[in-house]
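Contents: one structure, followed by commentary.
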Amino acid sequence: MKINIKRVRILQDGVAKRGPVVYWMSRDQRADDNWALLYAQEIALNAKVPLLVVFCLVPDFLNATIRHYGFMLKGLEETMQTLSKKKMPLTIILGQPNKALPQYLESRKAGSLVTDFDPLRIKRIWKAEVASVISIPFYEVDAHNIVPCWHGSSKQEYGAYTIRPKILKALPEFLTPFPKLRIHPFRLSSQPPTANINKLVTTLCIDRSVKEVGWIHPGEKQAIKVLRRFLRHGLAAYAEARNDPNRSGQSGLSPYLHFGQISAQRIATEVMDAKVSKQAKDTFLEELIVRRELSDNYCFYNSCYDSFEGFPSWAKKTLNEHRRDRRDYLYSLKEFEQGQTHDILWNAAQRELRITGKMHGYMRMYWAKKILEWTKTPEKAMAIAVYLNDRYSLDGRDPNGYAGIAWSIGGVHDRAWNTHAVYGKVRYMSYNGCKSKFDVQSYIDNIKGYRHA
Ligand code: FAD
Ligand code: FO1
C-alpha cells in the first residue's frame, strides 16, 4: 500500500543511485507506526535495495543533559533490536550531522536519503547543511503529526480556533491504518556493527548535573503500556481531572511523544476506539491533535518561536507599554532554578520540575507567567523559562514547549485580557486563582516529600 505522498516533502531532488536507501532517524525514534520508515522501505522495495537506518548522536543538543540522553538512548536500544530483526539495521553515528552523515552515506554508497520532519531551527539547519553536500535524492516525511504540518495549514495560525477546522477536515485523509513494516528482503553482505548503548550512556561527554529520573522507563513497549494504562484508568476522567495537579489526570505520554517513541496517530486511534464518553475523548484529542499540531505550526512558520519577536503584535505592544511597571519581586536565574522565590506554590512547581523532570500541565502555565512577573523584561523571562524547561523537563526542547512558554508569556494563540501590571493585556494568573481551582496546600506538601533522583 503506497504512502500518501502528501506526507512527503522533497528537500533535494535527484536521480537515485543504485545503493541502499537510508532513513536518517531523528525526531521519530521508533520502528512501529513510523511513516518516514515506511516510506523509506517503500522506496527500497521498489528499487530492490537494502534499507539502512542511521541516528546521528550529537553530544550538545540544545544543552540536553544525561536525564534526556539516558531516556533517549535506552529507548533507541530497544528500537535498534527491533530493526535488526526486521533486517533494516540501525547504526548510531557520533558527531555533527553536516560531517558525520555525508561520510556515512559515502561509506554505504547510499542511493537515496529519507528523514523525519521537525520544525525546530537546529533541525532545519542540519538538513540544509546535509542537502548542500550530497547529490542523492533527499526526502522529509512528517511522521510526528497526523495531518502533515505543511498540509494542515500554509501559514502561522492565530490559535486553536483557526487551525482546528483545517485539521479536523483533513483528518479522515490522514488517519489511515499503518501498513505492516516488512522484514526487509534485500540486505548488505556484511551487517554494520551495533552500538554499545551502555558504553555510550556512560562515556558520552555531556552535562551530567541533572540526574536521570527513575519513575518513568523509556522505549516503545513502555510507551504502549503507559497508553493502555491511561486508556483503562485515566481517559474517562480526563476532562475534569487534567487540570488538578493533585490528581494524576494526565496521560504521562509527553516524554514518549517528544522522543518519538510512540506515534500520536497510534494514541489517537486507540482513544477513538476506547469505551468512554465522547466528551472525554474530544477533550483529550483536542490536546493531542489540535494543540500539539498547533505548536508545530507555530515553530514551522514563525522563526522567532522562542523569543519576544515571535509574539503577536498586540502582545508586543502591551508588554512594551508595561515594560517600566514596578516589579514587586525580582529573581535571578539561580533563585528561580533553586525554587527560592517568596511564592511557595511556584517553588513547589519548580521542585517538581527539577526532581521528576515533568511538571503538571496546569502548573506550567502559572510557572511561566510568574517568571514574566518577577523578571526585569519579557525577553529575560523567555530566556529563563526556555532554559529551565529545556534543562529539566524530559519533554523539553520540543515545539510544545516553545509554544507553551510563548502562550504564557507572550499571548501566542491566546487573546487580550483585562490589563494587569507587567502583563498588560496578556492573561494573568494568580496564587488565589490557583487556590480556587485546586487544593494548593496538598500539592505543596506532596512535592515536599519528593526526594532527588
Ligand atoms: P496530557 O494532558 O496527557 O496530554 C497528552 C498530549 O497532548 C501531550 O503529551 C501533548 O503532546 C499534547 N498536549 C497536551 N497539552 C498541550 C498543550 N498545552 N500544548 C501542546 N500540546 C499539548 N509540552 C511538551 O511536550 N513539552 C514541553 O516542553 C512543554 N512545555 C510547556 C511549557 C508551558 C509553559 C506550558 C503552558 C505548556 C507546556 N507543554 C509542553 C504542553 C503541556 O503542558 C504538556 O504537553 C503536557 O503537560 C504533557 O503531559 P502529558 O503528556 O501527561 O499531558
Ligand atoms: N535528535 C537527534 O537527531 N540527535 C540527537 O543526538 C538528539 C539529542 C537530543 C537530546 C535531547 C532531546 O530532548 C532531543 C534530542 N534530539 C536529538 C531531538 C529530538 O529527537 C527531537 O527531534 C526534538 O527535540 C523535538 O523536536
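According to my numbering, the residues represented by the sequence shown are 266 to 718, in order. Ideal Cβ positions, reconstructed from N, Cα and C, are used throughout, including at glycine. In this text, all values refer to a predicted model and were calculated from it rather than measured experimentally.
(message) Spatial neighbours of residue 537 within its chain, please: C-beta separation below 7 Å, excluding the five flanking residues on both sides.
(response) Counted from its first residue, the sequence shown places residue 537 at position 272. Excluding sequence positions up to five before and after residue 537, its CB lies within less than 7 Å of the CB of 546, all in the same chain and listed in chain order.
(request) Enumerate in chain order the residues of its own chain whose CB-to-CB distance from residue 656 is below 7 Å, with the five nearest sequence positions on each side excluded. (result) Locating residue 656 in the sequence shown gives position 391, counting from the first residue. The residues 328, 330, 475, in chain order, have a CB closer than 7 Å to that of residue 656 in the same chain once the five nearest residues on each side in sequence are set aside.
(request) Look at the alpha carbon of residue 506 and the alpha carbon of residue 426, and state the distance between them as a whole number of angstroms. (result) As a working mapping, residue 506 is identified with position 241 in the sequence shown. As a working mapping, residue 426 is identified with position 161 in the sequence shown. Distance between the alpha carbons of residue 506 and residue 426 is about 23 Å.
(message) Do residue 287 and residue 378 have their beta-carbon atoms positioned less than 8 Å apart in this structure?
(response) The residue you call residue 378 lines up with position 113 of the sequence shown. The residue you call residue 287 lines up with position 22 of the sequence shown. Going by C-beta atoms, residue 378 is nearer than 8 Å to residue 287.
(message) Rounded to the nearest angstrom, what separates residue 611 and residue 634 at their Cα positions?
(response) Looking up residue 611 in the sequence shown gives position 346. Looking up residue 634 in the sequence shown gives position 369. C-alpha separation (whole angstroms): 10 Å.
(request) Over the uninterrupted alpha helix (DSSP H) stretch that includes residue 439, give me the two end residues. (result) For the purposes of this step, residue 439 is identified with residue 174 of the sequence shown, where counting begins at 1. 425-439 is the span of the alpha helix (DSSP H), which, as asked, contains residue 439.
(message) Does the distance between the C-beta of residue 337 and the nearest non-hydrogen atom of the ligand FO1 fall short of 7 Å?
(response) On the sequence shown, residue 337 is found 72 positions in, with the first residue counted as 1. It does: the Cβ of residue 337 is within 7 Å (strictly closer) of some heavy atom of the ligand FO1.
(request) Determine which residues share a DSSP beta bridge with residue 357 and list them. (result) By one-based count along the sequence shown, residue 357 stands at place 92. Note: residue 357 is bridge-paired with 320 in the DSSP secondary-structure output.
(message) One question on the structure: do residue 386 and residue 568 come within less than 8 Å of each other, judged by their Cβ atoms?
(response) Within the sequence shown, residue 386 is the residue found at index 121, counting from 1. Within the sequence shown, residue 568 is the residue found at index 303, counting from 1. Yes, the Cβ-Cβ distance between residue 386 and residue 568 is below 8 Å.
(request) With DSSP as the reference, please indicate the residues paired to residue 685 in a beta bridge. (result) On the sequence shown, residue 685 is found 420 positions in, with the first residue counted as 1. In the DSSP output, where bridge partners are listed per residue, residue 685 has 689.
(message) Using a Cβ-based criterion (distance less than 7 Å to any ligand heavy atom), does residue 323 qualify as near the ligand FO1?
(response) Taking the sequence shown and counting its residues from 1, the one referred to as residue 323 is at position 58. The nearest non-hydrogen atom of the ligand FO1 is less than 7 Å from the C-beta of residue 323.
(request) Return yes when at least one heavy atom of the ligand FO1 lies under 7 Å from the C-beta of residue 526, else no. (result) One-based indexing of the sequence shown puts residue 526 at position 261. In this structure, residue 526 has its beta carbon at no less than 7 Å from each heavy atom of the ligand FO1.
(request) Let me know the secondary structure DSSP gives residue 705 once reduced to three states. (result) To locate residue 705, count along the sequence shown from 1; it is residue 440. Residue 705: helix per DSSP, three-state reduction.
(request) Counting only the same chain and skipping the five closest in sequence on each side, list residues whose C-beta sits under 7 Å from that of residue 451. (result) Working through the sequence shown from its first residue, we reach residue 451 at position 186. Non-local beta-carbon contacts of residue 451 in its own chain, meaning distances under 7 Å to residues more than five positions away in sequence, involve 309, 313, 314, 315 in chain order.
(request) In angstroms with no decimal places, state the Cα-to-Cα distance between residue 648 and residue 572. (result) By one-based count along the sequence shown, residue 648 stands at place 383. By one-based count along the sequence shown, residue 572 stands at place 307. One C-alpha to the other measures close to 8 Å.
(message) Pairs of beta-carbons, one from the segment 682-701 and one from the segment 570-589, closer than 8 Å: are there three or more?
(response) Short answer: they touch.
(message) As an exercise, report each continuous alpha helix (DSSP H) stretch of at least 4 residues that is fully enclosed by the segment 472-526, in chain order.
(response) For the segment 472-526, whole alpha helix (DSSP H) runs of length 4 or above, ordered along the chain, are 485-498, 503-506, 519-523.
(request) Over the uninterrupted beta strand (DSSP E) stretch that includes residue 377, give me the two end residues. (result) For this step, residue 377 is matched to residue 112 along the sequence shown. Note, residue 377: beta strand (DSSP E), 377-381.
(message) Nearest by alpha-carbon distance to residue 414: which of 307, 299, 566, 321 is it?
(response) Reading the sequence shown from its first residue, position 149 is the one you call residue 414. The shortest C-alpha separation from residue 414 is found at 566.
(request) Report whether the distance from the Cβ of residue 553 to the nearest heavy atom of the ligand FAD is below 7 Å. (result) Here residue 553 corresponds to residue number 288 of the sequence shown, with the count starting at 1. Between the ligand FAD and residue 553, a heavy atom-to-CB distance of less than 7 Å is present.
(request) Check the DSSP bridge columns for residue 277 and list the partner residues they point to. (result) Indexing the sequence shown from 1 puts residue 277 at position 12. Residue 277 pairs with 403.
(request) Can you tell me which of the three DSSP states residue 289 falls into? (result) Counting from one through the sequence shown, the residue named residue 289 turns up at place 24. Strand.
(message) Using the three-state DSSP reduction, which class does residue 621 fall into: helix, strand or coil?
(response) For the purposes of this step, residue 621 is taken as residue 356 along the sequence shown, with counting starting at 1. It is helical.
(message) Assuming residue 509 and residue 703 are in contact, meaning their beta carbons sit under 8 Å apart, how far apart are those beta carbons, in whole angstroms?
(response) Taking the first residue of the sequence shown as position 1, residue 509 is located at position 244. Taking the first residue of the sequence shown as position 1, residue 703 is located at position 438. Sure, about 5 Å apart at Cβ, within 8 Å.
(message) For a test of the three-state rule: what should DSSP assign to residue 347, helix, strand or coil?
(response) Residue 347 sits at position 82 when you count from the first residue of the sequence shown. Helix.
(request) Could you check the C-alpha separation between residue 689 and residue 583 for me, to the nearest Å? (result) Taking the first residue of the sequence shown as 1, we reach residue 689 at position 424. Taking the first residue of the sequence shown as 1, we reach residue 583 at position 318. Residue 689 and residue 583 have their C-alpha atoms spaced approximately 5 Å apart.
(request) Could you work out which residue in 603, 556, 581, 638 is closest to residue 667 when comparing CA atoms only? (result) As a first step, residue 667 is located in the sequence shown; it is residue number 402 there, counting from the start. Checked all of 603, 556, 581, 638; the closest Cα to residue 667 is 556.
(request) Return the Cβ separation of residue 430 and residue 561 in integer angstroms, given the expectation that the two are a contact with Cβ distance under 8 Å. (result) Counted from its first residue, the sequence shown places residue 430 at position 165. Counted from its first residue, the sequence shown places residue 561 at position 296. About 17 Å separates the beta carbon of residue 430 from that of residue 561, a gap too long to meet the 8 Å contact definition.
(message) Residues in the same chain with beta-carbon distance under 8 Å from residue 269, minus the five sequence neighbours each way, listed in chain order, please.
(response) As a working mapping, residue 269 is identified with position 4 in the sequence shown. Short of 8 Å from the beta carbon of residue 269, and not among the five residues preceding or following it, lie these beta carbons of its own chain, in chain order: 438, 439, 441.
(request) Would you tell me roughly how many angstroms separate the C-alpha atoms of residue 458 and residue 550, rounded to the nearest one? (result) Within the sequence shown, the letter at position 193 stands for residue 458. Within the sequence shown, the letter at position 285 stands for residue 550. Distance between the alpha carbons of residue 458 and residue 550 is about 41 Å.
(message) Going by DSSP, what residue range makes up the alpha helix (DSSP H) through residue 470?
(response) Along the sequence shown, read from residue 1 onward, the residue named residue 470 stands at position 205. Where residue 470 is concerned, there is no enclosing alpha helix (DSSP H), given that its DSSP letter is neither H nor E.
(message) At the level of alpha carbons, what is the spacing between residue 709 and residue 408?
(response) Locating residue 709 in the sequence shown gives position 444, where the first residue counts as 1. Locating residue 408 in the sequence shown gives position 143, where the first residue counts as 1. Roughly 39 Å between the two C-alpha positions.
(message) On the DSSP letters alone, give me the boundaries of the alpha helix (DSSP H) that residue 583 sits inside.
(response) For this step, residue 583 is matched to residue 318 along the sequence shown. Counting along the chain, residue 583 sits inside the alpha helix (DSSP H) bounded by residues 578-586.
(request) Leaving out five residues on either side along the sequence, give the residues of the same chain with a beta carbon under 8 Å from the beta carbon of residue 410. (result) By one-based count along the sequence shown, residue 410 stands at place 145. For residue 410, where only same-chain residues beyond five positions count, the Cβ hits under 8 Å are 382, 417, 529, 557, 558, 561.
(request) Inspect the beta-carbon positions of residue 525 and residue 292 and report whether they are closer than 8 Å. (result) The residue labelled residue 525 in the question sits at position 260 within the sequence shown. The residue labelled residue 292 in the question sits at position 27 within the sequence shown. Their beta carbons are under 8 Å apart, which means residue 525 touches residue 292 by this criterion.
(message) By the three-class DSSP mapping on this structure, what secondary structure does residue 459 have?
(response) Numbered from its first residue, the sequence shown carries residue 459 at position 194. Three-state DSSP puts residue 459 in coil, outside helix and strand.
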